[in-house]
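Here full-length UniProt numbering is used: the first residue of the sequence shown is 1, the next is one more, and so on.
In this text, a Cβ means the ideal position worked out from N, Cα and C, and glycines have one as well.
Everything numeric in this text was worked out from a predicted model, so none of it was measured.
For reference, the structure discussed in these notes is given below.
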Amino acid sequence: MISRRKLLKRLGALPLVGGVIGSGIPLSGTMAANAETSPKRDIVKELGLRSFINAAGTYTAMTASLMPKEVMETINFSSRHYIMLDEVQDKVGEKIAALCHAEAATVTAGCWSAMVLGTAGVLTGTDRDKIRKLPNLEGMKSEVIVQKSHNVGYVHAITNTGVSVIEVETAADVDRAINGKTAMMWFLNYQAPDGKIKHEEWVALGKKHGIPTMIDMAADVPPVENLWKYNDMGFDLVCISGGKAMRGPQSAGILMGRKDLIEAARLSAPPRGGTIGRGMKVNKEEILGMYVALDEYIKKDHDKEWQEWEDKVAYVASVVEKIDSVTTEVSVPEIANHTPYLKIAWDPDKIQLSRAQLQEKLRQGNPSIEVISGGDHAISMTVFMLRPKEEKIVAKRIAEELNIAKV
């Protein structure tokens with residue numbers, strides 16, 4: 001399983017806008033919001049781009065989630081103002097840190113950027129000469145300890161800084177591996193179930209040896225409590241994506257943790273040049289939009305939202321289960337993309353359709369729909385980023401294609 005969400009929130013009153021319709025009465029409130037959804041130039045249609053119903057997840061390739069009204073209002077409003085970039089980061093960082101129980105925070109160009117900048121901060125501190133040298137680690141520590149099961153593709157974020165990865169499996173391995181070159185200990189949250197060293201022990205080992213610990217929890221809300229769980233646990237740096245369940249800008253993320261390390265990390269980030277992070281630019285609109293997305297996400301009724309997801313999954317299941325040989329199964333990943341998923345399977349002797357064929361028929365249909373694989377003769381889908389009533393469209397289309405393929 002991998003990704004997530006969607007569900008627009010209530011419309012609030014908007015400032016008066018200059019546009020007029022018919023009578024010349026200025027638009028405000030709901031009317032203005034509705035008018036904004038139909039721009040004069042439909043660039044999606046103009047370029048012939050395929051828009052689809054996302055029942056798959058918040059995959060980067062699928063452009064993650066959709067930003068809610070409150071976030072877009074913030075982005076649009078701030079786009080009309082010049083503000084010093086560091087001042088925006090200062091103020092937003094203070095707010096995010098308070099919300100997430102951290103000493104400090106900064107908005108980054110995604111979770112990957114948070115890891116690169118956080119590692120850079122650990123390596124260089126506030127030494128400007130070291131900051132300019134990265135990824136040349138001459139005169140700096142050069143090793144990061146990682147559990148063997150955590151040493152997957154995302155580790156490239158930290159090795160971008162020039163460090164070498166030292167694999168371990170047990171606490172005893174950590175004790176033996178730590179030496180004068182050890183800069184940091186990195187933990188990949190979605191691989192936690194496969195590692196022999198769990199979160200609390202990892203943090204304790206770091207503190208025992210005086211080594212900073214970082215956790216990558218890119219896709220690990222919900223539950224909302226994870227936003228502060230790992231700060232409270234004692235991780236020195238916490239990295240998260242902003243464009244998944246929180247529905248902030250897809251190209252934004254958050255780095256939070258120890259104040260000294262966040263301050264050091266920011267010295268490798270824009271607007272400063274001649275640094276390893278110069279290309280990881282986040283504009284003021286994204287920084288402010290990320291803060292509003294986080295604030296709105298924390299304040300929402302998460303129990304109510306979860307019930308809505310379960311109701312939508314149950315609805316789709318009730319529709320497709322009426323077809324002979326079709327079975328469904330609901331699951332929730334233990335960690336990462338922790339939302340209800342529905343697996344829909346069928347007997348290939350009674351429904352002559354492969355998983356890939358069904359995916360393609362849904363993709364090429366009208367409307368286009370994306371789901372993920374559930375096996376050779378099964379698909380899997382999630383509902384947490386569907387817009388209102390889209391679960392009915394998804395259920396209808398899946399049932400149609402399964403019925404057509406019946407022997």
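| Query | Result |
| --- | --- |
| Cβ shell of LYS361 (< 6 Å), same chain only, five flanking positions each side left out | GLU401 |
| C-alpha distance - GLY242 paired with ASP349, whole-angstrom precision | 44 Å |
| Bridge-paired residues (DSSP) for TYR154 | BP columns for TYR154 are empty, so no partner. |
| Cβ-Cβ separation, LEU288 to GLY248 (assumed contact under 8 Å), whole Å | Going by Cβ atoms, the distance from GLY248 to LEU288 rounds to 10 Å, so no, they are not a contact pair. |
| Best match in MET256, HIS302, ALA56, ASP194 for proximity to MET385 [C-alpha to C-alpha] | ALA56 |
| Nearest neighbour of VAL394, chosen from SER373, PRO367, VAL407 [CA to CA] | PRO367 |
| Residue interval of the beta strand (DSSP E) (run including GLY343) | Checking the sequence shown, residue 343 turns out to be Lys, not Gly. Residues 341-345. |
| Whole-angstrom distance between LEU342 and SER331, CA atom to CA atom | 7 Å |
| Buried/exposed call for ILE404, threshold 16 Cβ in 10 Å | exposed |
| Segments of 3+ residues assigned as beta strand (DSSP E) that fall wholly inside the stretch 310-378 | 327-331, 341-345, 368-370, 372-375 |
| Proximity winner among HIS209, TYR82, LEU134, relative to ARG278 (alpha-carbon distances) | LEU134 |
| Which listed residue (ASP194, VAL407, TRP112) has its alpha carbon closest to that of HIS156 | TRP112 |
| Rounded straight-line distance, which links the Cα of GLU103 to that of ASP250 | Note that residue 250 is Gln in the sequence shown here, rather than Asp. Approximately 25 Å, taken between the alpha carbons. |
| First through last residue of the beta strand (DSSP E) which encompasses residue 408 | Coverage of the chain is limited to positions 1 through 407, which leaves residue 408 absent and any answer about it impossible. |
| Start-to-end residues for the beta strand (DSSP E) that takes in PHE187 | 182-188 |
| GLU391 versus SER142 - alpha carbon distance | 50 Å |
| C-alpha gap between LEU137 and GLY93, whole angstroms | 28 Å |
| Cβ shell of VAL221 (< 7 Å), same chain only, five flanking positions each side left out | LEU227, ALA245, MET246 |
| Segment limits, beta strand (DSSP E) that includes ILE254 | 253-257 |
| Limits of the alpha helix (DSSP H) - the one that GLU94 falls within | 85-99 |
| According to DSSP, residues forming a beta bridge with LEU237 | MET214, GLY257 |
| Straight-line Cα distance separating PRO388 from HIS338 | 20 Å |
| Where the beta strand (DSSP E) containing ALA219 begins and where it ends | No beta strand (DSSP E) holds ALA219; DSSP gives it neither H nor E. |
| DSSP state of GLN307 mapped onto helix, strand, coil | helix |
| Any 3 or more C-beta pairs closer than 8 Å across the stretch 231-238 and the stretch 292-312 | no |
| Length of the line joining the Cα atoms of MET280 and VAL320 | 45 Å |
| Whole-angstrom distance between ILE166 and ASN151, CA atom to CA atom | 9 Å |
| Same chain only: Cβ atoms within 6 Å of SER268, ignoring 5 sequence neighbours per side | LEU117, ALA120, ILE131, THR275, ILE276, GLY277 |
| Unbroken stretches of the beta strand (DSSP E), 3 residues or longer, contained in the stretch 112-170 | 143-147, 164-168 |
| C-alpha gap between TYR190 and GLU200, whole angstroms | 15 Å |
| Spatial distance of TRP186 from MET214 (CA atoms) | 5 Å |
| CB of GLU334 within 8 Å of CB of PRO193, strictly | yes |
| Inter-residue spacing [alpha-carbon to alpha-carbon] between MET62 and LYS396 | 22 Å |
| Three-state secondary structure assigned by DSSP to ALA395 | helix |
| Beta-carbon proximity check, PRO340 vs VAL313, cutoff 8 Å | yes |
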